[in-house]
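Residue numbers (the UniProt record's numbering): 1 to 334.
Note that the Cβ used here is the ideal one computed from N, Cα and C, for glycine as well.
Have a look at the structure below, then the notes.
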Amino acid sequence: MAYSFFANASKGGPISISPLPVTTNKSNKDRRNSLDQTSSFRRNILSSQPASLVPPPPAAPAPVKQPSSTDPAFQPTPYPHSPESAPTPHPNVTINPVKTAHIPSLMRITGLLLPVRYPNSFYTSTITDPIISSLSRVAIYHDHPVSEVSATAFSTSADKVIGGIRCRLEPVPSTTAPGAHPKTPTNLYIQTLHLLAPYRGSGIAVSLLNSLIYKTAENYTSPTHPPPVSATVKHYNIRTVTAHVHESNEEALQWYTARSFALQDGVVEGYYRRLKPGGAKIVKLELSWDDETRTSDEDDDWEKVEVEEGNGAERLEDYDTLDLEENVRKRPKK
């Protein structure tokens with residue numbers, strides 16, 4: 001309302017002042033004096049008016065504060081080992097590291113299921129950035145049942161991407177004594193986690209998440225008996241896992257809470273710009289583990305492995321830039 005008032009006030013010109021009436025029986029000198037008085041009166045009135053009111057520019061929407069890992073001091077060492085494929089409860093579906101051939105399908109599925117439009121670099125980084133690559137997976141449907149061995153051995157042209165997960169690392173304040181752990185504790189932030197509707201309800205989405213944070217991709221739901229964490233979690237010193245969920249997506253909220261995620265207080269207003277309402281709720285999982293459970297197959301010299309020697313990242317060669325297709329947005333999984 002205030003903006004409307006100022007806008008209307010600014011449209012009106014200076015106040016119109018009518019000249020003082022002049023009688024016909026005055027002399028020319030009196031008439032000139034009267035006109036001079038009128039001009040002086042008009043100048044005084046106009047000079048006393050305030051400057052034209054200019055409407056203030058519309059207030060820019062407050063930016064949504066999103067988790068960020070742009071701290072230049074935070075430079076984790078990429079996980080040195082190539083991600084392995086993992087089975088799922090579905091006999092025809094496996095969890096695999098992201099490859100160049102998966103990118104077009106991954107872009108289409110993400111654009112179809114999530115109300116957020118990501119740039120092409122968001123997808124290419126899943127194969128070119130060694131840290132993002134180690135924290136991203138795709139769910140692959142095979143045209144035949146696969147075993148754990150055959151799933152890692154080969155893939156065919158009939159295999160198709162049906163979902164995926166992409167995460168990033170964020171530094172978190174340490175709650176332990178200085179020197180208790182050589183690495184900065186981190187939070188694993190789930191940027192995307194989605195699965196095509198026909199394949200839901202088979203434990204595939206859980207397998208996508210668990211393939212990153214647990215030693216195996218099995219479905220763990222008992223908060224009193226936490227499963228062993230993955231080597232990736234230990235390498236990056238991941239202590240928590242978080243995600244944003246649309247405030248009205250009760251199905252997704254229940255999915256997370258059923259897997260030991262705790263619903264945080266409050267709503268992040270305006271997080272989803274394409275949805276009404278656009279608020280998001282935050283879910284958080286606490287990971288409890290210590291360094292004494294380190295397995296024997298972990299390499300004590302992993303710190304010496306160079307990034308170029310193989311860490312799951314690919315070279316982006318002969319890759320054409322793809323534009324996202326316009327698709328009807330469905331309610332997001334997360």
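Q. Which whole-angstrom value describes the C-beta separation of residue 123 and residue 106, a residue pair presumed to lie in contact below a C-beta threshold of 8 Å?
A. 6 Å
(Q) Could you pull the DSSP bridge partners for residue 86 from this structure? (A) 95
Q: Label residue 83 either buried or exposed according to how many other C-beta atoms from any shown protein chain fall within 10 Å of its C-beta, with 16 as the threshold for buried.
A: buried
Q: Buried or exposed for residue 261, please, with buried defined as at least 16 other CB atoms from any protein chain shown within 10 angstroms of its CB.
A: buried
**Q.** Three-pair Cβ contact test at 8 Å for the region 129-137 versus the region 159-166
**A.** yes
Q. What do you reckon, are the CB atoms on residue 127 and residue 98 nearer than 7 Å?
A. yes
Q.
Which same chain residues end up closer than 8 Å to residue 303 when comparing Cβ atoms and leaving out the 5 residues on each side of it in sequence?
A. Residue confidence is low: residue 303 scores 40 on pLDDT, short of 50, so the model does not pin down where it sits. Its coordinate-derived value is still stated next. Contacts found: 77.
Q) Hey, residue 89 and residue 266: beta-carbon distance below 7 Å or not? A) no
(Q) Classify residue 170: buried if its beta carbon has 16 or more other beta carbons within 10 angstroms, exposed otherwise. (A) buried
Q. Based on the DSSP output, what are the partners of residue 244 in its beta bridges?
A. 282
Q | Rounded straight-line distance, which links the Cα of residue 208 to that of residue 53 | A | Any answer about residue 53 is weak, because its pLDDT of 48 lies below 50 and its placement is not dependable; what the coordinates show is given next. Answer to the nearest angstrom: the Cα atoms are 58 Å apart.
Q.
For residue 93 and residue 75, what's the separation of their Cα atoms in angstroms?
A. 34 Å
**Q.** Anticipated Cβ contact below 8 Å, residue 289 with residue 229, distance rounded
**A.** 5 Å
Q.
Could you compute how far the alpha carbon of residue 213 sits from the alpha carbon of residue 232?
A. 7 Å
(Q) By alpha-carbon positions, which one of 158, 130, 108, 146 ends up nearest to residue 95? (A) 146
(Q) Taking the straight line between their C-alpha atoms, what separation do you get for residue 269 and residue 141? (A) 37 Å
Q | Best match in 197, 249, 280, 189 for proximity to residue 132 [C-alpha to C-alpha] | A | 189
Q: Work out the CA separation of residue 101 and residue 112 for me, nearest whole Å.
A: 19 Å
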